[in-house]
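Take the sequence shown: its letters are residues 87 to 269, numbered as in this note's numbering. Note that beta-carbon positions come from the ideal geometry of N, C-alpha and C, so glycine has one too.
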Amino acid sequence: MLNLSSFNRLLPVSNIASHLLKGLMASALLSLSFVSLSSHAATSNLVSPISRAEAANPANFKHLSVNGRAVTYASAPCPIQTGLISCGLEKLKLINSSINEVYADYDLAQTFFFPSKAQPKTAVVVITRSGLMDDSVSAERYRISFTLKGAPSELSWHWVQYGVQYQCVRGNKAGKWTKNLCP
């Protein structure tokens, strides 16, 4: 660890100059750590955001069914105050509960609102996880759709559908997203 007080013995300068020098050194060290973190994040996270058009179409994702007790929990509404991303992560725990990945780390969460005459209060959350320890799949992307229901004072998000996509590592689908299993 760098001892900034050691600079007092090296330079016979005033107390104010000493504080300035310590501040500059601390700033430089802090800046270097941010550059290091930023370059690591840029190289380790190659996940790109999904487009609005692709997120809108549930046919782009493999439909996931939820069975047993998880259906009861999945059907439970999330209060609007919880927020869509938090609600999506909560529902995602139900999807992954059977494969012991409840506490997985996710890289990217996106929210889309699709107001239309047919479905005026529809929203989609897409949550992406990359860096998987798998020789055929490098990332997974989950699509969770919700509809807003309830009286104005008690609005809540109700789960509609789950879906998943995989980003393949090898074969003719390498680097591409697909709803089918990767080779």
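Burial state of Phe232 is buried, judged by a 10 Å Cβ sphere holding 16 or more other Cβ atoms. The C-beta of Ala141 has 16 or more other C-beta atoms within 10 Å across all chains shown, which makes the residue buried. Pro238 and Trp245 have their C-alpha atoms spaced approximately 18 Å apart. At the C-beta level, Leu180 and Val211 stay beyond 9 Å of one another. In its chain, beyond the 5 residues on either side, Ile213 and Arg215 have a beta carbon closer than 6 Å to the beta carbon of Tyr192. Between Met219 and Val133, the alpha-carbon positions lie close to 15 Å from each other. Excluding sequence positions up to five before and after Cys173, its CB lies within less than 6 Å of the CB of Cys164 and Trp243, all in the same chain and listed in chain order.
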